[in-house]
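Novice: Protein chains in written order, with our numbering: chain E, 722 to 900; chain Z, 722 to 900; chain V, 5 to 822; chain Y, 5 to 822.
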């Protein structure tokens with residue numbers, strides 16, 4: 722059985738006709754081509770499929786699209802604005818907080834939800850907020866650093882972000898988040 | 722305004738929710754990912770967008786999906802069966818009847834409709850049947866040859882087709898269709 | 005139906021001692037390496053690319069042929085939901101153009117529009133429909149200027165200028181070259197004749213509309229997939245206009261769905277797609293509509309021509325003077341080269357001891373003309389071959405015999421210092437005359453039926469690059485995998501002619517493997533060495549030679565390793581059938597993969613490069629860069645016509661064409677090129693024309709732009725003549741363009757044979773036939789064509805002393821490329 | 005928080021005269037070249053690939069641990085609408101396996117199933133749901149056999165055999181090697197100690213489930229995109245099983261979403277996807293479920309170990325005898341190598357003059373074990389470092405000081421003939437001890453808190469390939485574009501460690517451009533030269549060296565061209581900052597792109613190859629192939645613990661780790677490897693285990709397979725020690741695996757320091773702590789761990805005379821790779 726679902730994802734309305742039991746994760750990846758959101762376990766245990774619904778992180782592998790109709794869904798593809806990446810994205814890239822990168826989209830969404838409600842979290846607050854997102858590569862250290870660096874930068878000028886990327890690619894200047 | 726359309730394409734049922742004025746060509750290419758069918762003019766003048774509906778060649782750029790609901794649509798992707806190409810495909814490949822290849826899918830569909838109703842067409846019958854399909858590369862010569870070669874082969878064993886390909890790739894043995 | 009006896013071609017040993025005695029791949033009518041992908045709909049064209057989050061862009065066309073832009077207001081469009089970005093000329097002000105001397109285009113019009121359809125703004129939106137709605141919301145205020153729509157108007161009106169540069173007024177370029185004392189030549193002639201001709205412009209009408217997809221990666225790299233014949237030049241133009249380092253730009257040419265020269269410029273839509281991708285952070289696709297393709301154009305230049313030739317009673321040409329005036333449209337494009345080309349190749353078919361050429365190109369308020377199959381040479385070839393036909397008629401000479409007698413010598417120089425290597429023209433004439441029964445038909449068929457003969461020559465690639473430099477025109481890498489797979493990397497673009505297959509064939513031949521064992525990687529500026537592009541019929545010769553060199557360099561390593569294992573020396577080995585073996589004892593050998601493993605163990609990673617740089621050009625005068633080629637192909641063509649004197653309708657039942665291909669690397673592909681050329685030549689000769697009415701394109705659609713269908717296309721009999729050119733890969737020369745050239749004049753000569761009228765203006769539409777027949781009936785000159793050339797102050801010609809035209813063995817290349 | 009003082013690293017000149025005095029790229033904490041793609045969701049993983057008409061496949065798992073297959077009935081499944089093809093073992097009967105000596109797998113079980121979850125059939129259908137429904141319609145009739153589920157059962161039961169090959173019974177492989185007179189060594193010792201240890205198996209638990217997409221092109225070429233660390237070996241396996249020439253197969257490794265060794269074998273699903281694509285003519289995707297990942301496994305071998313060491317009062321080790329028994333699961337995988345690895349690297353940390361190793365691997369009816377980060381060395385390292393800690397305790401030695409004293413010499417040979425080059429072990433111990441305050445804490449912290457130290461060594465790539473041959477282990481090509489862009493092609497697979505970035509860094513450093521100017525093309529068997537894969541920590545060293553060689557070969561050409569232009573000689577030039585300039589007068593130089601143009605004009609296409617073949621191995625005995633490496637990395641680790649004696653719960657607040665990286669090409673990437681290793685080591689030490697209950701996996705899901713989250717992971721302080729290895733690219737050694745090794749033993753040593761109990765069996769779960777504390781309270785041996793090794797008839801050892809262990813300058817490489 723299929724149904725018509727209207728989803729507002731990253732500010733764009735998508736109308737899709739999909740099987741009723743197809744998860745939001747599958748619809749995002751297969752029907753909308755938004756493969757930035759990953760799947761890791763099918764059971765809501767790993768956090769890789771995290772997206773934001775009305776600003777709250779949810780596990781898209783446990784969510785049916787019909788539940789989130791008319792709500793504001795943000796995926797990793799919607800983090801950047803007009804090609805300018807979110808400070809979290811830059812900080813993750815800069816501090817090597819993404820190794821294989823597979824958990825990164827989900828991690829970023831959880832981190833964004835955190836920063837949106839707590840603009841300057843302490844390390845333990847970061848750990849607490851992201852505890853539902855597993856990462857097997859990084860040992861989490863650089864992720865905590867990156868979230869805190871982004872928090873500090875978020876206060877500043879968004880346009881400077883592109884310069885940061887250029888610098889990190891060519892000069893490797895890393896600002897210590899702890900200082 | 723959008724509508725739900727159920728299309729049977731190459732034997733598979735697809736249900737899509739698309740704007741009412743979206744052409745069959747656009748739906749095939751954009752919604753079903755069947756990009757084998759090409760567009761060349763938007764006005765039904767070039768024949769590149771030809772597909773078969775219930776065995777008859779139609780111009781998909783002038784057809785609305787709703788008109789062909791429930792009917793049997795065949796595109797170039799549906800010409801092969803279980804990975805074994807149609808004799809027309811092999812003959813076109815073998816005789817260099819596809820240069821840039823852009824008109825080829827449409828040409829093949831018109832040719833298939835011809836062979837299905839006339840298993841052994843004379844050259845002028847081929848020309849007549851394909852006159853709605855423009856080709857700018859080949860001068861049409863090898864296309865006429867290929868259709869006739871395929872007609873002759875179609876009587877034979879389909880399984881031999883794969884061998885033909887291998888031979889044409891490695892030995893270049895071309896059978897003269899005129900003899 | 006051609007009967008080429010393919011089976012006899014499989015193994016040949018009569019083609020010159022510097023080539024492999026027996027070939028196992030070259031010369032066979034093999035299936036193209038990508039043929040099955042194309043017939044199954046799996047070949048990917050630019051518009052087939054769909055990337056996640058892709059946006060769609062559309063261009064706003066100018067409604068004015070010539071106007072100043074007073075104001076472009078985009079705010080309403082920007083406010084439309086779903087619109088992601090709107091750009092105008094101000095966002096992309098840097099000028100570009102394919103030729104260094106005419107950097108006169110901007111991606112979007114900045115201060116002025118110069119033709120109806122010129123893009124003024126571009127919109128990216130979530131879908132095409134939204135983008136189109138946004139276009140309607142953009143307000144452009146124009147201050148109209150006087151439109152200039154013809155050669156005559158352009159030459160008359162020097163006040164209203166379309167461009168700010170060039171020769172002055174609306175003359176873009178003027179050329180004047182003189183080789184020897186032409187006046188003395190005319191003085192010593194027994195008969196001197198002058199004729200005027202006009203060749204209308206037309207469009208390539210590739211089945212695929214131009215399309216490009218751009219993606220700006222968050223890692224700072226721009227990738228553009230495009231239906232282009234020249235990814236290298238697109239790469240350059242993007243770097244210039246977008247002010248990005250070339251290292252951050254990757255251009256990938258998809259299979260173009262037909263090119264014919266029409267996808268050889270960097271285009272507005274390519275640059276706009278790239279800019280919009282950078283601005284939006286999303287992939288952006290632009291696909292032109294058919295109407296926009298007619299505006300993008302770069303098609304055949306309309307050319308008005310005058311030719312004067314002196315001949316002796318004994319047949320020799322004493323001198324020729326040729327004038328051409330090209331209607332260039334609004335921008336430069338390849339036009340400077342085109343202008344030279346209208347005068348360059350007259351000399352390479354028949355011996356012309358003294359030659360003068362004057363040419364000019366004007367700007368008009370029409371879409372820019374550029375290179376179409378034959379690039380500037382079908383027009384003068386039409387003029388020349390009809391003009392010569394008239395001379396033969398006048399002098400009572402057999403047109404076939406006379407052409408054979410006057411054909412240029414092999415390994416000779418022309419008056420304008422072009423170096424001819426092999427020339428199969430006499431054999432082409434002989435074969436095409438025999439096959440067509442020309443001698444039995446000429447002047448002997450009943451009224452209304454006729455045959456006509458014409459010949460031509462074309463270059464196998466231009467010896468000089470578009471940007472003057474000493475770098476190779478084509479580079480290739482060949483890598484051998486320890487599993488026995490081979491990869492060839494080359495920047496060339498397969499536009500349907502089969503150049504990817506040619507790369508596979510020559511590499512497979514050199515390494516003794518099968519074409520299917522060769523992965524072909526082409527047309528990607530990141531992955532492949534530069535090849536300049538698919539234009540000027542250069543690809544088979546240049547990439548073929550580069551790939552052969554690379555393959556030979558790898559074979560060297562393979563043979564060394566195999567020789568040690570087999571207890572012999574490299575020079576005793578040969579490679580074929582997936583084995584490397586002793587030439588004197590073919591049973592003693594090793595499988596290719598085994599040799600690859602031995603060689604990799606000994607030498608490390610097995611890969612090598614090859615390059616091709618054309619030979620140095622003997623001409624040392626300004627303008628000598630246009631015309632020289634490693635070799636020239638030759639074609640002779642007989643067209644038979646059936647003219648209905650009541651309707652003026654011309655039916656062509658059969659065309660015979662003989663082409664000196666040097667060597668057919670794959671005869672079935674060469675035939676395809678010849679057949680397609682005949683078809684396209686007939687289309688131009690009989691119906692195709694890009695014409696304008698009240699400053700507007702005369703309905704830019706396929707419905708109105710007539711082109712031949714199956715029903716209008718004749719039987720075509722192709723005869724391949726092989727001359728084994730020393731500069732060619734395995735002896736090959738070009739096939740893609742040359743065979744088009746003789747078709748229009750042969751048609752016109754046949755019409756004269758059929759009904760006794762001369763149509764000196766293409767296309768030969770029924771009304772022109774009827775008009776000429778009417779004039780004939782009235783006892784007037786039975787001719788339709790131009791009657792005057794506009795008066796022009798030609799510049800003083802550059803004078804160049806012609807060399808001795810005779811065959812000179814010293815011109816034979818000392819080192820053989822293969 | 006690490007404070008690495010990155011700014012100080014930018015330009016360094018103290019790292020050995022054979023390297024560039026100043027580097028402009030190497031050594032900087034640069035962003036990875038693909039970092040932004042990964043954080044924007046644009047990096048493409050295998051499951052992200054969507055091709056037109058793609059079909060989906062699923063595998064039918066065996067429900068039996070050990071059974072004969074009587075019948076597989078697929079007709080009902082085939083008849084289900086939407087099903088495109090069904091295959092069983094009969095369709096793919098050819099055996100394969102990663103090691104030549106254990107070709108024991110089939111893509112689908114043929115006659116017999118050997119573990120629950122082993123694929124028996126595969127279905128391709130129009131969607132995943134239909135494929136799953138089809139699986140339910142397949143009937144399999146089994147004839148059950150006795151399951152063998154442990155090392156003990158495998159050794160006991162010699163009648164019921166899981167495999168038909170191997171050492172006999174269910175012993176897959178038995179190894180026995182002796183270096184010197186071990187008994188004499190024990191005889192001259194002042195103290196001899198024996199201990200038993202067990203290290204439980206565990207899974208890699210990469211976040212990404214394995215996925216592959218296959219496409220069989222109508223032109224006869226198979227392409228497989230896969231989440232694999234070893235595309236080269238997948239290429240080989242596909243050719244073998246599908247009986248296709250390797251030239252017709254292209255394997256492309258997508259970004260694997262985590263590997264850790266778990267994606268290093270050719271897998272069932274890869275072969276099935278390929279076969280189904282060939283049968284259906286459509287692209288086919290298979291993505292494993294998490295449950296299937298646990299069945300695909302190839303994870304850490306459970307190993308039972310016994311170690312006996314003799315020491316003198318003065319600290320010297322006199323001899324060591326080590327025994328290991330590996331539970332291999334049902335198939336060979338890398339197991340023979342794993343078995344050797346459990347005995348190979350004991351000798352490269354501390355001086356062990358006489359050494360004996362006996363090891364065996366058994367087959368059991370469980371998913372096959374294979375290589376996981378550290379591959380066979382974390383288990384013996386755990387045993388060794390705890391064992392030595394006990395000896396130090398017994399002898400009253402400071403464990404840090406003793407280790408420093410006994411550390412191997414640089415440029416020396418071990419008893420088993422492994423060649424050590426640089427060794428930073430003493431410095432690592434010194435730094436980690438200082439940073440952690442180990443001396444202030446050890447045996448001094450309050451009850452429940454403790455610190456533990458352990459050290460380790462790991463190889464920077466195996467010196468011998470999986471298939472013995474003399475070919476390079478890594479090949480690279482570097483091409484320079486006339487626009488200034490550089491492309492490096494290499495078969496290596498970036499599994500997140502940053503190897504693509506390393507290629508860009510080293511090439512950019514050699515050519516003096518920026519990493520962004522370098523396009524990196526990797527892990528594609530058509531496009532890139534072979535690299536053996538991302539395993540054995542080989543990539544940075546091997547591909548780095550290959551790429552440096554290729555870049556240097558191109559630089560040679562560039563410098564020659566630049567030298568002429570600048571009026572100097574090549575040896576006077578340097579390259580940096582996008583310029584090539586005179587070293588003595590850096591203002592005199594040329595832009596890189598300009599030099600590229602000069603060089604291309606002079607030499608043709610600018611591209612060159614490089615290769616890396618590891619140095620010859622000194623060991624000449626059977627088994628000497630496992631262990632040798634171009635260099636060894638060294639690590640010292642201090643773990644601090646907080647043990648709750650009430651609950652047995654272990655909290656780790658901080659881990660300090662010092663790693664001898666040779667040279668950090670990018671310190672932030674090296675730190676990431678160390679941090680990830682510490683995390684994974686702790687996961688294995690504290691909670692991760694792949695265990696079985698009633699012949700079934702103990703619920704194969706992430707819910708039940710516990711792994712550390714943010715909350716369980718400590719602060720990690722990483723200290724990089726640079727020893728500038730002469731075999732390393734710019735001096736680098738490995739970082740990806742070595743830092744895991746000392747973590748479990750340091751943890752166990754810390755637990756002993758905290759609460760005085762020895763947990764000699766991993767993982768250290770709370771119940772084991774409580775049990776040991778209970779024993780301690782009762783006055784029993786305060787230890788939990790194995791108490792016996794099953795009796796085995798060990799084969800007679802191969803006897804090898806050990807070399808002189810002392811530092812020998814003659815072992816320093818004469819020619820420096822960089």
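Each residue gets a CB set at the ideal place from its N, CA and C atoms; glycine is no exception.
Taking the continuous alpha helix (DSSP H) assigned at residue 347 of chain Y, which residues delimit it?
Specialist: Position 343 of the fourth chain, counted from the first residue, corresponds to residue 347 of chain Y. Where residue 347 of chain Y is concerned, the enclosing alpha helix (DSSP H) stretches over 339–348.
Novice: How do the stretch 744–755 of chain Z and the stretch 775–782 of chain Z stand: do at least 3 beta-carbon pairs fall below 8 angstroms, yes or no?
Specialist: The stretch 744–755 of chain Z, when compared against the stretch 775–782 of chain Z, does touch it at the 8 angstroms Cβ threshold.
Novice: With 8 angstroms set as the bound, which would you pick, yes or no: does the beta-carbon of residue 891 of chain Z sit closer than that to a beta-carbon of chain V?
Specialist: Here residue 891 of chain Z refers to the residue found at position 170 of the second chain. It does; some Cβ of chain V falls within 8 angstroms.
Novice: Strictly under 8 angstroms for the Cβ-Cβ distance: is residue 839 of chain Z near chain V by that measure?
Specialist: Position 118 of the second chain holds residue 839 of chain Z. Output row for residue 839 of chain Z: interface = no.
Novice: Using alpha carbons as the reference points, say which of Y:522, Y:211, Y:473, Y:515 lies closest to residue 491 of chain Y.
Specialist: Translated into positions along the fourth chain, residue 491 of chain Y becomes position 487. When only C-alpha atoms are compared, the closest one is Y:522.
Novice: Just to check my reading of the structure: residue 305 of chain V and residue 330 of chain V have Cβ atoms closer than 8 angstroms, yes? What is that Cβ distance to the nearest angstrom?
Specialist: Counted from its first residue, the third chain places residue 305 of chain V at position 301. Counted from its first residue, the third chain places residue 330 of chain V at position 326. Their Cβ separation, rounded to whole angstroms, is 4 angstroms, which keeps residue 305 of chain V and residue 330 of chain V in contact under 8 angstroms.
Novice: Are residue 275 of chain V and residue 231 of chain V closer than 8 angstroms when you measure CB to CB?
Specialist: As a working mapping, residue 275 of chain V is identified with position 271 in the third chain. As a working mapping, residue 231 of chain V is identified with position 227 in the third chain. No, the pair does not count as a contact, with Cβ atoms beyond the cut-off.
Novice: Between residue 771 of chain E and chain Y, is the shortest Cβ-Cβ distance under 8 angstroms, so that the two count as touching?
Specialist: Position 50 of the first chain holds residue 771 of chain E. Not one chain Y Cβ lies under 8 angstroms of residue 771 of chain E.
Novice: Are the beta-carbon atoms of residue 277 of chain V and residue 289 of chain V separated by less than 8 angstroms?
Specialist: For the purposes of this step, residue 277 of chain V is identified with residue 273 of the third chain, where counting begins at 1. For the purposes of this step, residue 289 of chain V is identified with residue 285 of the third chain, where counting begins at 1. The answer is yes: Cβ separation under 8 angstroms.
Novice: Nearest to residue 794 of chain E by CA position, among E:805, E:814, E:771, is which residue?
Specialist: The residue you call residue 794 of chain E lines up with position 73 of the first chain. Answer by Cα proximity: E:771.
Novice: Between the C-alpha atoms of residue 896 of chain Z and residue 234 of chain V, what's the straight-line distance to the nearest angstrom?
Specialist: To locate residue 896 of chain Z, count along the second chain from 1; it is residue 175. To locate residue 234 of chain V, count along the third chain from 1; it is residue 230. Because residue 896 of chain Z carries a pLDDT of 44, less than 50, the predicted location of this residue cannot be relied on, and the following value inherits that uncertainty. Cα to Cα, the separation comes out at about 36 angstroms.
Novice: Please report the distance separating the alpha-carbon of residue 793 of chain Y from that of residue 310 of chain Y.
Specialist: Sequence index remark: in the fourth chain, residue 793 of chain Y carries index 789 (1-based). Sequence index remark: in the fourth chain, residue 310 of chain Y carries index 306 (1-based). If you take the alpha carbons of residue 793 of chain Y and residue 310 of chain Y, they lie about 7 angstroms apart.
Novice: Report buried or exposed for residue 485 of chain V, applying the criterion of at least 16 other Cβ atoms within 10 angstroms of its Cβ.
Specialist: Counting from 1 along the third chain, the entry for residue 485 of chain V is found at position 481. It is buried - the Cβ of residue 485 of chain V has at least 16 other Cβ atoms within 10 Å.
Novice: Taking the alpha helix (DSSP H) that residue 722 of chain E falls in, what are its first and last residues?
Specialist: Walking along the first chain from the start, residue 722 of chain E turns up at place 1. From DSSP, residue 722 of chain E is part of no alpha helix (DSSP H); its letter is neither H nor E.
Novice: Touching or not, the stretch 369–379 of chain Y and the stretch 339–352 of chain Y, by the rule of three or more beta carbon pairs under 8 angstroms?
Specialist: Verdict: yes, contact present.
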